[in-house]
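Colleague: Just so we're aligned: the sequence shown equals residues 169 to 295 in my numbering.
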Amino acid sequence: MGSTKLHAIRISVETQFIDEKSSVEHNRYFFSYTVTISNDGLIPAQLVSRHWIITDANEESFEVKGLGVVGEQPLIQPHESYTYTSGTEINTPVGSMHGTYQMINEDGTSFDAEIPMFILSMPRTLH
Numbered sequence: 169m170g171s172t173k174l175h176a177i178r179i180s181v182e183t184q185f186i187d188e189k190s191s192v193e194h195n196r197y198f199f200s201y202t203v204t205i206s207n208d209g210l211i212p213a214q215l216v217s218r219h220w221i222i223t224d225a226n227e228e229s230f231e232v233k234g235l236g237v238v239g240e241q242p243l244i245q246p247h248e249s250y251t252y253t254s255g256t257e258i259n260t261p262v263g264s265m266h267g268t269y270q271m272i273n274e275d276g277t278s279f280d281a282e283i284p285m286f287i288l289s290m291p292r293t294l295h
């Protein structure tokens, strides 16, 4: 049986510690993250909203929900990608993020695209 999917969203993330926006002495660590959302499916899919779970090294988590990403709700065509950069601040030099994008196909079908967990890490803090 073939496994061709109408919607197949692949998400990759690159992170960067932003020293000039951070204040180590005040336990404020700022990270940027660049997300690439690729549509490996057969039909266009629009990113409608996001749900992030951000956790610091003290296991303190907070959630971020909202429409779109960076003010946009991109329609991603099959075999195309959408990339954006955003940022977050946590209280420890190491943390993690994961979540979901709420998507809708051109036929009106809603589905969640899972954002795999990734690490936020100030340089020279992981051993």
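Backbone N, C-alpha and C fix where the C-beta goes; we use that ideal spot for every residue, glycine too.
Keep in mind it's a predicted model, so treat the numbers as computed, not measured.
1) Closest to V237 by CA distance: which of T268, E193, F185 is it?
2) CB-CB under 6 Å to G170, same chain, minus the five flanking residues each way: which ones, in chain order?
3) Look at the alpha carbon of S229 and the alpha carbon of G255, and state the distance between them as a whole number of angstroms.
4) Give me the Cα-Cα distance between E182 and E193, rounded to the nearest whole angstrom.
5) Grab the span of the beta strand (DSSP E) containing E282 for me, first residue to last.
6) With which residues is V232 paired in a DSSP beta bridge?
7) In whole angstroms, what is the alpha-carbon distance linking E188 and N195?
Modeller: This is what the structure holds:
1) To locate residue 237, count along the sequence shown from 1; it is residue 69. That would be T268, whose Cα lies nearest to the Cα of V237.
2) Stepping through the sequence shown from its first residue, residue 170 is reached at position 2. Residue confidence for G170 is low, a pLDDT of 41 falling below 50, so the modelled location carries little weight and cannot support an answer.
3) The count along the sequence shown starts at 1 and reaches residue 229 at position 61. The count along the sequence shown starts at 1 and reaches residue 255 at position 87. When rounded, the distance between both Cα atoms is 16 Å.
4) Position 14 of the sequence shown, counting from 1, holds the residue named residue 182. Position 25 of the sequence shown, counting from 1, holds the residue named residue 193. So the alpha carbons of these two residues sit roughly 26 Å apart.
5) Against the sequence shown, residue 282 aligns to sequence position 114. Residues 278-289.
6) One-based indexing of the sequence shown puts residue 232 at position 64. According to DSSP, which records beta bridges pairwise, V232 is partnered with W220.
7) Along the sequence shown, read from residue 1 onward, the residue named residue 188 stands at position 20. Along the sequence shown, read from residue 1 onward, the residue named residue 195 stands at position 27. Approximately 14 Å between the Cα atoms of the pair.
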